[in-house]
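Numbering (the numbering used here), first residue to last: 18 to 282.
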Amino acid sequence: MKRIFSYLLLAALSVTTVVAQTAPKHITLNIEEFAYKPSTTSKAMTVLSVFSSSSGLWLPDKSMAPQMNEAAVSGAVNIPWIDKADEGSADYTLKGHFTQLEIMTGNPENVVVRARTSIIDNKTGKEVGTKIVQGSSSTFLSFDNTATMKARAAMDFSYFMQRFIFEALPVTGHILEKGVEQANGKVKEKQCYVDLGTLHGVVPEMMLYVTEDGKYKAELRIVEVLGDDICACKIVKGDSYITKSLAKGVEVTVTSRPKKIDTQL
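What follows is the structure, encoded as structure tokens:
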């Protein structure tokens, strides 16, 4: 644990410097209310469920819209460097509409929420990212009531809305060192330390991508957030590239924006 302790100690002794170097630039975001506009696919799913489901029936539930709108806002404002603002003063606008707000009755009971979501750069009027964001919950042989199911779906929807924002409006950082030391003293060579942490809103399981001159070279997955500006990541792809770059003393940059935002689920 010597290396990790040295990083944390350095952070504690030079908080002002670290924050100045690694805290992301704050941006403002206008969040429009999502209307409910069921898609043709959603309508067909509701009709077909009469024949395909023996345990229940998919039914639209427009009453979920206010709760899910709150979840969308929560996903955005819980990112430390995102500030909610009015339309006229915001850097970006988060907009979209719900294509599904549905519940399957019976046992198991399921709740599914889908929204076609976009982020617009207010200066250029151009779309910087678009995605179908989904939230869901299900239960089997459980005493959870419908309200609880909706609340779980809202939390899920909020989480994936936040992940989409990280893709469209990314944070960037750098690999500090390859090889993460475990509590038992063993070093996991296919892991690395990155200078992103709670200041940036990153969380475990979030994906990061290594780039060089705009080209994607490797993929990381956050294993653990260790402090304000440090996390441990597993190297999913590009281990040899990272090893060679660090050996040459090359600064290895990471971003939360994937090569292409997957618009489908």
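Don't be surprised by glycine CBs; every beta carbon is placed ideally from N, CA and C.
Cutoff 7 angstroms; reference residue i; Cβ partners in own chain excluding five residues on either side
i: Ser91; result: Ser175
i: Pro221; result: Ile239, Val240, Glu241, Val242
i: Pro77; result: Pro55, Thr63, Leu118, Glu119
i: Asn139; result: Ala107, Asp108, Tyr109, Thr110
i: Gly255; result: Val227, Lys234, Ala235, Glu236
Residue burial classification, residue i (beta-carbon count within 10 angstroms, cutoff 16)
i: Ala134; result: Checking the displayed sequence, the identity of residue 134 turns out to be Thr instead of Ala. Flag for Thr134 reads buried.
i: Lys195; result: buried
i: Gly190; result: buried
i: Gln38; result: With a pLDDT of only 45 at Gln38, under 50, the local geometry of the prediction cannot be trusted, and no value is derived from it.
i: Gln199; result: exposed
i: His88; result: This sequence places Ala at residue 88; His is not what is there. By the neighbour-count rule (16 or more Cβ atoms within 10 Å), Ala88 is buried.
i: Asn86; result: buried
i: Arg154; result: Per the sequence presented here, residue 154 reads as Ser, with Arg not at that position. Flag for Ser154 reads buried.
i: Val204; result: exposed
i: Gly152; result: buried
i: Asn47; result: buried
i: Ala93; result: buried
i: Ser69; result: Low per-residue confidence applies at Ser69: pLDDT is 46, beneath 50, and the placement is therefore not dependable enough to give any value.
i: Asp173; result: buried
i: Asp230; result: exposed
i: Asp246; result: buried
i: Ala185; result: buried
i: Ile259; result: buried
i: Val267; result: exposed
i: Ala164; result: exposed
i: Ala13; result: Because the chain is modelled from 18 through 282, residue 13 falls outside the range shown and cannot be assessed.
i: Ser80; result: exposed
Residue i - DSSP class collapsed to helix/strand/coil
i: Asp103; result: coil
i: Thr63; result: Confidence is the limiting factor: at Thr63 the pLDDT is only 48, short of 50, which leaves the residue's position unreliable, though a coordinate-based value still follows. Helix.
i: Lys79; result: helix
i: Val130; result: strand
i: Ile96; result: coil
i: Ser135; result: strand
i: Lys261; result: helix
i: Glu241; result: strand
i: Glu50; result: coil
i: Glu268; result: coil
i: Thr45; result: strand
i: Thr280; result: coil
i: Thr57; result: helix
Cutoff 8 angstroms; reference residue i; Cβ partners in own chain excluding five residues on either side
i: Val188; result: Pro41, Trp98, Leu213, His217, Gly218, Val219, Thr272, Ser273
i: Phe177; result: Gly92, Val150, Gln151, Gly152
6 angstroms Cβ shell around residue i - same chain, five flanking residues per side excluded
i: Ala132; result: Phe51, Gly113, Phe115, Val150
i: Phe183; result: Ser273
Contained beta strand (DSSP E) runs [length at least 3] in the stretch 186 to 238, N- to C-terminal order: 189 to 198, 204 to 211, 224 to 229
Taking contact to mean 3 or more Cβ pairs, one atom from each stretch, closer than 8 angstroms, check whether the stretch 109 to 116 and the stretch 134 to 153 are in contact. yes
Determine, using beta-carbon pairs with one atom in the stretch 163 to 171 and one in the stretch 206 to 215, whether at least three such pairs fall under 8 angstroms. no
At 3 residues or longer, and completely inside the stretch 144 to 182: list those beta strand (DSSP E) runs for me, N to C. 144 to 156
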